[in-house]
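Inspection log for the structure reproduced underneath, given as structure tokens.
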Amino acid sequence: MSSEIANQANSDKGGFCFADNTQLFVKRDNKEVLIEVKDIKLGDELITGEKITAIIQMDGKGVQLYNVNGIFVSGSHLILGTDGLWKSVSKDERAKKAINTSEILYCFNTTTHTFPVYSPELNKSIMFKDWEELDEND
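Printed below as a string of structure tokens:
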């Protein structure tokens, strides 16, 4: 992804997305492999079938992150709530302000505009919306 697009994204929407140690399950060599977002590649297929169509890296300095069951993510990102509704992470009852930071934040576009993120505390994934599905006010 070009730096011009990332810079425009930063100025339009502010820094947001996932810390660099966030993990996703991908299919590689006919196996499900848990990898960090910094190692995701264009075209990777996630375990729920969607494919990565864009990778967005942003400056994470000064961005407040939230801890959602061990997933460190910005407050503006959309998460599927326990009530089955999409909401901003900052409004989700599972989210706690974190002291952790990340130099670089990652977000993705997928073929379904959603993707599962692995929660190390729950030992299962939680669904999030992708970059394209984020509200313009985020």
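1443 is the number that the working numbering gives to position 90 of the sequence shown; each next residue is one higher, with no gaps. Every residue gets a Cβ at the ideal spot worked out from N, C-alpha and C, and that includes glycine. From a predicted model like this one, the values you see are computed outputs, not experimental measurements.
Looking only at DSSP bridge pairs, what is K1391 linked to? By 1-based counting over the sequence shown, the position of residue 1391 is 38. Per DSSP, none; premise fails for K1391.
One or two residues paired with L1475 in a DSSP bridge: For the purposes of this step, residue 1475 is taken as residue 122 along the sequence shown, with counting starting at 1. None; L1475 has no bridge partner.
Report the partner residues of Q1410 according to the DSSP bridge assignment. Reading the sequence shown from its first residue, position 57 is the one you call residue 1410. Paired residues: Y1459.
According to DSSP, simplified to helix, strand and coil, what is S1441? Taking the sequence shown and counting its residues from 1, one reaches residue 1441 at position 88. The answer is strand: DSSP assigns S1441 an E or B state.
Alpha carbon to alpha carbon, how far is I1457 from S1429? Give it in angstroms, no decimals. In the sequence shown, the residue the question calls residue 1429 occupies position 76. In the sequence shown, the residue the question calls residue 1457 occupies position 104. Their Cα atoms are separated by approximately 16 Å.
By the DSSP assignment, the beta strand (DSSP E) with Q1376 in it spans what residues? As a position in the sequence shown, residue 1376 is number 23, starting the count at 1. Q1376 -> beta strand (DSSP E) spans 1376–1381.
Per DSSP, what kind of secondary structure is E1403 in: helix, strand or coil? Taking the first residue of the sequence shown as position 1, residue 1403 is located at position 50. Of the three classes helix, strand and coil, the one that applies to E1403 here is coil, per DSSP.
DSSP state of E1446 mapped onto helix, strand, coil: Start at 1 with the first residue of the sequence shown, and residue 1446 comes out as number 93. Three-state result, E1446: coil.
8 Å Cβ cutoff met for D1455 and L1418: The residue labelled residue 1455 in the question sits at position 102 within the sequence shown. The residue labelled residue 1418 in the question sits at position 65 within the sequence shown. Just to set this straight, residue 1455 is Ser in the shown sequence, not Asp. Result yes, Cβ atoms of S1455 and L1418 sit closer than 8 Å.
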